[in-house]
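As structure tokens, the structure follows; a few thoughts come after it.
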């Protein structure tokens, strides 16, 4: 079956530090990969996505590259801000012709940025 | 703005007392999902509706039911809540099931406490 493994948190960084949150996956097919962000008290928001190998998703200064050879989709940001404090979820979705494509989430990584 | 709305944001119920959580959407999406997210865990899909077709996940307990009276509304019914059902319940929508480019839009969640 499909699975997503994220680095365990919590992660605490100082403002303007470089961020990496590791994500690796196991899938039987060729999934699309996602990063979702959950701010305190809110639902999940799609942060970025990549649908095939070597694609790079980017949004709000965050980037992640779909690496098929290492089955990874690590999230990076060059200079974090206090407003980036949230829980980050890596997820995958199988691509098929059958529909009913479910999201499989990792357990989430809590990020706290201190001024 | 088009969005996914969940009411109430916080719900307290008693052990064994039926409770209903509500989700509405203004996106006119075909698919509506219910997820359960326990503390520090990944969201877990309970079931989804594609239009009026109900699809239950294999490991969703019978205690959890759902209704979708029209396109805009979907309800989660917990017939006899146990202490282990305390969690955040997330509603999400997507335009369709298939497609590599489909995105799920999440509501803010309802946090359920069982006393």
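Residue numbers (our numbering), protein chains in the order written: chain U, 23 to 137; chain L, 62 to 176.
Beta carbons: idealized from backbone N, C-alpha and C, even for Gly.
In this text the structure is predicted, and so the values were computed from the model without any measurement.
How about residue 152 of chain L and residue 93 of chain L: do their beta carbons lie closer than 8 Å? To locate residue 152 of chain L, count along the second chain from 1; it is residue 91. To locate residue 93 of chain L, count along the second chain from 1; it is residue 32. Contact flag set, yes.
Environment of residue 70 of chain L [buried if 16+ CB atoms lie within 10 Å]: Translated into the one-based positions of the second chain, residue 70 of chain L becomes position 9. Residue 70 of chain L is exposed by the Cβ-count criterion.
Return the first residue and the last residue of the beta strand (DSSP E) that residue 36 of chain U is part of. For this step, residue 36 of chain U is matched to residue 14 along the first chain. That run of the beta strand (DSSP E) goes 33-36.
Contact check, residue 115 of chain U vs residue 54 of chain U under 8 Å by CB: the rounded distance? The count along the first chain starts at 1 and reaches residue 115 of chain U at position 93. The count along the first chain starts at 1 and reaches residue 54 of chain U at position 32. That belief holds up - the Cβ atoms of residue 115 of chain U and residue 54 of chain U are roughly 5 Å apart, short of 8 Å.
Going along chain L, which residues have a C-beta under 9 Å from residue 78 of chain U? Looking up residue 78 of chain U in the first chain gives position 56. The premise fails here: residue 78 of chain U is roughly 16 Å from chain L at the closest Cβ pair, so nothing lies under 9 Å.
In angstroms, rounded to a whole number, what distance separates the CA positions of residue 110 of chain U and residue 130 of chain U? The residue you call residue 110 of chain U lines up with position 88 of the first chain. The residue you call residue 130 of chain U lines up with position 108 of the first chain. For residue 110 of chain U and residue 130 of chain U, the distance between alpha carbons rounds to 5 Å.
Extent of the continuous beta strand (DSSP E) to which residue 109 of chain L belongs: Taking the second chain and counting its residues from 1, one reaches residue 109 of chain L at position 48. It spans 105-111 - the beta strand (DSSP E) in which residue 109 of chain L sits, taken as one unbroken run.
Look at the Cβ atom of residue 169 of chain L, then the Cβ atom of residue 98 of chain L, and state whether they are nearer than 8 Å. Taking the first residue of the second chain as position 1, residue 169 of chain L is located at position 108. Taking the first residue of the second chain as position 1, residue 98 of chain L is located at position 37. No; because the gap between Cβ atoms is not below 8 Å, this pair is not in contact.
Could you compute how far the alpha carbon of residue 107 of chain L sits from the alpha carbon of residue 83 of chain U? Numbered from its first residue, the second chain carries residue 107 of chain L at position 46. Numbered from its first residue, the first chain carries residue 83 of chain U at position 61. Going by the C-alpha atoms only, they are around 33 Å apart.
Stretch pair the segment 64-84 of chain U + the segment 70-84 of chain L: three plus CB contacts closer than 8 Å: In this structure the segment 64-84 of chain U does not touch the segment 70-84 of chain L; the number of beta carbon pairs closer than 8 Å is below three.
Is the distance from the Cβ of residue 178 of chain L to the Cβ of residue 86 of chain L below 8 Å? With chain L running from 62 to 176 in the structure shown, residue 178 of chain L is simply not present.
Between the segment 87-94 of chain U and the segment 129-145 of chain L, do at least 3 Cβ pairs fall closer than 8 Å? no
Helix or strand or just coil, what does DSSP make of residue 141 of chain L? Indexing the second chain from 1 puts residue 141 of chain L at position 80. Note: residue 141 of chain L maps to coil in three-state DSSP.
Using the C-alpha atoms, what's the distance from residue 138 of chain L back to residue 80 of chain L? Here residue 80 of chain L is taken as the residue at index 19 of the second chain, counted from 1. Here residue 138 of chain L is taken as the residue at index 77 of the second chain, counted from 1. One C-alpha to the other measures close to 6 Å.
Does the distance from the C-beta atom of residue 134 of chain U to that of residue 26 of chain U stay below 8 Å? If you number the first chain from 1, residue 134 of chain U lands on position 112. If you number the first chain from 1, residue 26 of chain U lands on position 4. In this structure, residue 26 of chain U does not lie closer than 8 Å to residue 134 of chain U by Cβ.
For chain B, check one thing: does any of its Cβ atoms lie closer than 8 Å to the Cβ of residue 145 of chain L? You won't find chain B in this structure, because its protein chains are U and L.
Going along the chain, which residues of its own chain have a beta-carbon closer than 6 Å to the beta-carbon of residue 73 of chain U, five neighbours each way excluded? As a position in the first chain, residue 73 of chain U is number 51, starting the count at 1. Within the same chain, residue 73 of chain U has close Cβ partners 54.
Residues in the same chain with beta-carbon distance under 8 Å from residue 136 of chain U, minus the five sequence neighbours each way, listed in chain order, please. The sequence position of residue 136 of chain U within the first chain is 114, counting from 1. Taken in chain order, the residues that qualify are 34, 35, 36, 37, 104.
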